[in-house]
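Under mature numbering (1 follows the signal peptide of the UniProt record, and there is no 0), the residues of the sequence shown are numbered -26 to -1, 1 to 132, in order.
Every residue, glycine too, gets a C-beta built ideally from N, C-alpha and C.
Note that the coordinates shown come from a computational prediction; the quantities given were computed from them, not determined experimentally.
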Amino acid sequence: MSRPSGPVLLSCAAAAVLALAVPAWAVHGGDGMHWGDPPPALAKGAKLAVLMGDPGKPGPFVMRLSAPAGYKVMPHWHSQTENVTVISGTLMIGMGDKFDPKAMKTMKAGSFGSVPAKEHHFAAMKTATVIQIHGEGPFDLTYVNPDDDPQKGAAAPK
């Protein structure tokens, strides 16, 4: 299986967009989070908050993604393991090279999932959903089909 080269570094754009200086010791409440637009590798409509670390650099990070019902992330993979906790709403996730709603598993609030590095997967928000992603940076996202990359003008299917 061939994989596209040049992974899309989400975290550099996220750090620039959010312009956050997260201190070593921090407590974040719902009202105190700094939400901003996600990097262009994600379809429009979501919001992103970096809670700890710098996802664009080596080392641990924690970020949250808030997205509306129907939001999709087409098949993709990451260089590092991706750990996801559903904070609110319902996330649907599936494994493979093709977006297949029948192959998706349901993750409700409180659920945790871990996707190994380079494992192809896809996701959709069944309801308005907030997820927390944590792992080791740099965080990247490479689409299985480069035409699915929103930066190339493709929009996620509705």
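Cβ-Cβ distances below 6 Å link Val58 to Gly87, Ile105 and Ile107 in the same chain, with the five nearest sequence neighbours on each side left out; the list follows chain order.
Counting C-beta pairs closer than 8 Å gives fewer than three between the stretch 4 to 20 and the stretch 63 to 70, which falls short of the contact rule. The three-state reading of DSSP puts Pro34 in strand, counting E and B together.
Around the CB of Pro42, fewer than 16 other CB atoms lie within 10 Å, so the residue is classed as exposed.
Listed as beta-bridge partners of Tyr117 by DSSP are His50.
Per DSSP, Leu25 has no beta-bridge partner at all.
DSSP places Lys18 in the coil class of the three-state scheme, outside both helix and strand.
With distances taken between CA atoms, Asp74 lies nearest to His95 out of Leu16, His95 and Lys126.
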